[in-house]
Amino acid sequence: MLNNRSRSDTAVYIHTGNGEKCYAMNKQPTVPETFPIYLSSAYIMDSVETIDAICEGKEDGYGYFRVGNPNADATSEILAAADGAENGLVFASGMAAITTAIQTFVKPGDHIIASPIIYGEAFYFLKYELKRWGVETTFVDFNKEDVKNYIRPNTTLIYGETIANPSMSVPDIQYLADTAHENSAKLFIDNTFATPVIAKPLKFGADLVIYSATKYLGGHDDLVGGAVTGPADLVDKIRFMLGLYGSNLGATESWLLSRSLRTLPLRVRKMSENGLALAKYLEAHPKVEKVYYPGLSSSPSKELADQQFEGNGYGGMLSVNFRGGQEMIDKLIRNLKLIRFVPTLAGVGTTLTYPARASHRDLNKDELAAIGITMGQIRLSSGLEEADDLISDFDQALDNL
């Protein structure tokens, strides 16, 4: 049986049953180029004073995996730096990040204003789950109505997305932030579709940025995770709740996420190029009714996108309404050869999903109609292929409808 333990002389020993053997020194002449994975669920303490110092924040260190581990912390620091934030946290899923962050700052009797054009399960959580705990949410289309008209004395939070899912509309983040702060409320922005490469909401006054790290940040369809970034005081409050609820991201998933972040700028720029190419092609196709993409000149969100985005494109996500219902979409999915139907997004390959039956299936017909989701709508996530190959795949698929 192996038993690792650390000594004050900075050496790590292994007890093999035949005596102790020095395994490695912390001050090594060489350092691994890739951050290692720390799979230990707990850490040995030299004394009671040590655990007191760590728990009280007087010394750096780790005790129990659920409340902190090196891989999660390293990945959080990378994300915080990308967003221009003081601190960050990673979670077991995007929904864990959303629900934990919101529950940290609301209480029974509070009021939230949210866009209805958000991830379907986030909508469900805000409309139905929080209501069970005495928190009411008013849904306001930020691009059609003035959020100021819906502020109440008990409004504590405004919630939206940088690029809304699935209409691809872009809100005025600075206006939302100013409105929130004038009324002692906070603004949380889900930046999943944009990533820090496309947009940095903290620059425009957002108090907290939230991600489903499963998507672009992870980007390889091999991990599920979430993240938040923001000021240290807000993140520290969420950190306590993360440990309380046990929604921490595992060491291996944290390592995979940090690996993926190394290529994030390259991937997002290429996906944005492909997204724009597909949007222009599909907008001109006679079997297409409408294309939603903030980089199109026809998009009502293009001006705001140009003002708020970083100049690295408009993202790889677009929604397309075809002149037909579910039957046509089923045929299209069967005809496509390169592009696959997958109920997620932002992997290296181009995929499509069907919002009415996937990301927003928890919404009823009226709720779907209110945010513009039709039975003839798909959401496309452009990948890293050559744009000509993607367009050729749509050509043959649409010709055979």
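Numbers given in the numbering used here equal positions in the sequence shown, counted from 1, plus 2. Glycine residues also receive a C-beta, built at the ideal position from the N, C-alpha and C atoms. Keep in mind the model is a prediction, meaning the values are calculated, not measured.
Cβ-based neighbour list, residue i, same chain, cut-off 6 Å, excluding 5 preceding and 5 following
i, result
"Ala94", "Ser249 and Leu251"
"Pro168", "Ser321, Pro357 and Arg381"
"Arg336", "none"
"Ala279", "Ala389"
"Leu178", "Ile160 and Leu189"
"Leu284", "Val290, Val293 and Val322"
"Leu81", "Gly90, Ala229 and Thr231"
"Asp192", "Glu163 and Ile212"
"Leu128", "Ala116 and Thr139"
8 Å Cβ shell around residue i - same chain, five flanking residues per side excluded
i, result
"Ala103", "Phe190, Leu210, Ile212, Val230 and Ile240"
"Ala83", "none"
"Pro118", "Phe125, Phe141, Val142, Asp143, Glu369, Ala372 and Ile373"
"Ala44", "Gly65, Tyr66 and Phe67"
"Ser260", "Phe37, Asn73, Ala76, Thr77 and Ile80"
Beta strand (DSSP E) segment containing residue i, residue limits
i, result
"Asp192", "Lys188 to Asp192"
"His183", "That residue, His183, is in no beta strand (DSSP E); its alpha helix (DSSP H) goes Ile175 to Glu184."
"Thr164", "Premise fails: Thr164 is in no beta strand (DSSP E) and is neither H nor E."
"Phe127", "Neither: Phe127 is in no beta strand (DSSP E) and is coded neither H nor E."
"Leu382", "Gln379 to Ser383"
"Ala116", "His113 to Ala116"
Member of the options whose CA lies at the smallest distance from the CA of residue i
i, options, result
"Pro233", "Ser171, Gly318, Asn323 and Ala87", "Ala87"
"Leu258", "Pro34, Thr77, Tyr66 and Ser49", "Thr77"
"Leu132", "Tyr152, Asp401, Asn145 and Leu159", "Leu159"
"Lys292", "Tyr247, Gly313, Gly315 and Gln379", "Gln379"
"Pro194", "Ser383, Pro34 and Asn89", "Pro is not the amino acid found at residue 194; the sequence shown has Thr there. Residue Ser383 is the option with its Cα nearest to Thr194."
"Thr376", "Met330, Lys304 and Thr164", "Met330"
"His113", "Ala187, Asn73, Glu147 and Ile175", "Ala187"
"Ile341", "Tyr295, Asp395, Pro302 and Ser262", "Asp395"
"Pro198", "Met243, Lys150, Ala182 and Arg269", "Arg269"
"Tyr66", "Leu41, Gly90 and Glu255", "Leu41"
"Tyr316", "Asp192, Val149 and Gly297", "Gly297"
"Ala116", "Ala98, Arg271, Asn145 and Lys289", "Asn145"
"Glu184", "Ala166, Ala281, Met170 and Lys150", "Lys150"
7 Å CB neighbourhood of residue i in its chain, flanking five on each side removed
i, result
"Gly406", "Not covered by the structure: residue 406. The range shown for the chain is 3 to 403."
"Asp180", "Gly207"
"Asp390", "none"
"Val69", "Gly245"
"Val344", "Thr353 and Thr355"
"Lys202", "Asp85, Gly86 and Glu312"
"Gly349", "Gly221, His222, Asp223 and Gly385"
"His362", "Gly122, Leu370 and Ile375"
"Lys333", "Leu403"
Simplified DSSP assignment, three categories, for residue i
i, result
"Ser274", "helix"
"Arg68", "helix"
"Asn323", "strand"
"Ser42", "coil"
"Ser394", "helix"
"Phe141", "strand"
"Cys24", "With a pLDDT of only 42 at Cys24, under 50, the local geometry of the prediction cannot be trusted, and the value read off the model is given with reservation. Residue state, collapsed to three classes: strand."
"Asn73", "helix"
"Ile212", "strand"
"Lys292", "strand"
"Asn250", "strand"
"Thr102", "helix"
"Thr376", "coil"
"Ala94", "coil"
"Val230", "strand"
"Thr158", "strand"
"Phe37", "coil"
"Arg264", "coil"
"Leu340", "coil"
"Leu354", "strand"
"Asn314", "coil"
Continuous alpha helix (DSSP H) stretch holding residue i: start and end
i, result
"Tyr247", "Ala234 to Tyr247"
"Asn366", "Careful: Asn366 lies outside any alpha helix (DSSP H) and carries neither H nor E."
"Ala307", "Lys304 to Gln310"
"Thr197", "Thr197 to Ile200"
"Thr52", "Val50 to Cys57"
"Leu334", "Gln328 to Asn337"
If you pair each beta-carbon of the stretch 55 to 65 with each one of the stretch 198 to 208, do three or more pairs fall below 8 Å? No, the stretch 55 to 65 does not touch the stretch 198 to 208.
Does the count of Cβ pairs from the stretch 299 to 319 and the stretch 147 to 156 closer than 8 Å reach three? no
Three or more beta-carbon pairs under 8 Å between the stretch 214 to 221 and the stretch 34 to 41, yes or no? no
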